[in-house]
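Residue 1 is where the sequence shown starts when you use the working numbering, and the numbers rise one by one after that.
We put the beta carbon where it would ideally sit given N, CA and C, even for glycine.
All of these numbers come straight from a predicted model, not from anything done at the bench.
Worksheet: the structure to be examined is printed underneath.
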Amino acid sequence: MASVESDVVVVTQLLQSERASLLELLSSLGADQWQASTVCPGWSVKDVALHLLGDDIGLLSRRRDGAAPADASREPGGFQELVALDRLNQTWVEAARRISPRLLCELLAFTGEATWRYLASLDPLAVEARVSWVRPDPVPNWLDVAREYTERWTHQQQIRDAVGVPGLKQAEFMAPVLATFVHALPRAFAGAPAPVGTTVEVVVGGQGAGVGC
1 MASVESDVVV VTQLLQSERA SLLELLSSLG ADQWQASTVC PGWSVKDVAL
51 HLLGDDIGLL SRRRDGAAPA DASREPGGFQ ELVALDRLNQ TWVEAARRIS
101 PRLLCELLAF TGEATWRYLA SLDPLAVEAR VSWVRPDPVP NWLDVAREYT
151 ERWTHQQQIR DAVGVPGLKQ AEFMAPVLAT FVHALPRAFA GAPAPVGTTV
201 EVVVGGQGAG VGC
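Given below as structure tokens:
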């Protein structure tokens, strides 16, 4: 998997194929499947897909185009920030529900390509991004790109689970997700009592198999 000290998780090449698989799946769904419930409370398959569209639009608007978010004046606030983000996501989904499934697929194809092109243009080693669950300080762009990939992979799995379609659990898709999440361990264990020099080893079996320290 990944060593949180040194291993770089490169996923740029997977963004296009991940989106292609999502569009193939969505294009095959019937009307009832679009309305199937997911593990996201109150959200249907269509709602999760709308959320993914919102992810693309938000990333391109804020980062590629430099547009200030509506809540730009708000300082980060831990749990309250998460509550505000959840509320923002819900507002977007409710407003976008008028979009038809066909148009949603067309929009996801467009924003997916634009998102991939933007993320691929970044210097992966430049330290200019933020991933709050890794650390409060800036991180290399490659880690932020990997975080964006895990977001999209996770939501696609939720859609697949809701309609009974096997997930993207092949090693090429799943191993980078697990390797990215390993980078959250130092902050997660920061308050755990342990002797100096203690090492945490994560062993994962199956298709995403690997060892991370």
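Taking the CB atoms as reference points, tell me whether residue i and residue j lie closer together than 8 Å.
i      : j      : result
Val48  : Gln158 : yes
Arg152 : Leu52  : yes
Val127 : Val145 : no
Leu14  : Pro176 : yes
Leu178 : Val196 : no
Glu168 : Trp142 : Note that residue 168 corresponds to Leu in the displayed sequence, not to Glu. No, Cβ-Cβ distance for Leu168 and Trp142 is not below 8 Å.
Thr12  : Leu119 : yes
Leu114 : Leu60  : For the sequence presented, residue 114 should be read as Ala rather than Leu. Closer than 8 Å, so yes.
Thr111 : Arg147 : no
Trp133 : Arg187 : yes
Can you name the start and end residues of the alpha helix (DSSP H) that residue i belongs to?
i      : result
Val163 : Asn141 to Val163
Gly112 : Pro101 to Ser121
Going by DSSP, name the residue or residues bridged to residue i.
i      : result
Arg135 : Val131
Val182 : Its beta-bridge partners do not exist; DSSP assigns none.
Q: Run through the stretch 6-85 for me and flag every whole alpha helix (DSSP H) of 4 or more residues, listed as ranges in chain order.
A: 12-27, 31-34 and 45-59
Q.
Does the contact criterion of 3 or more C-beta pairs under 8 Å hold for the stretch 160-180 versus the stretch 28-37?
A. yes
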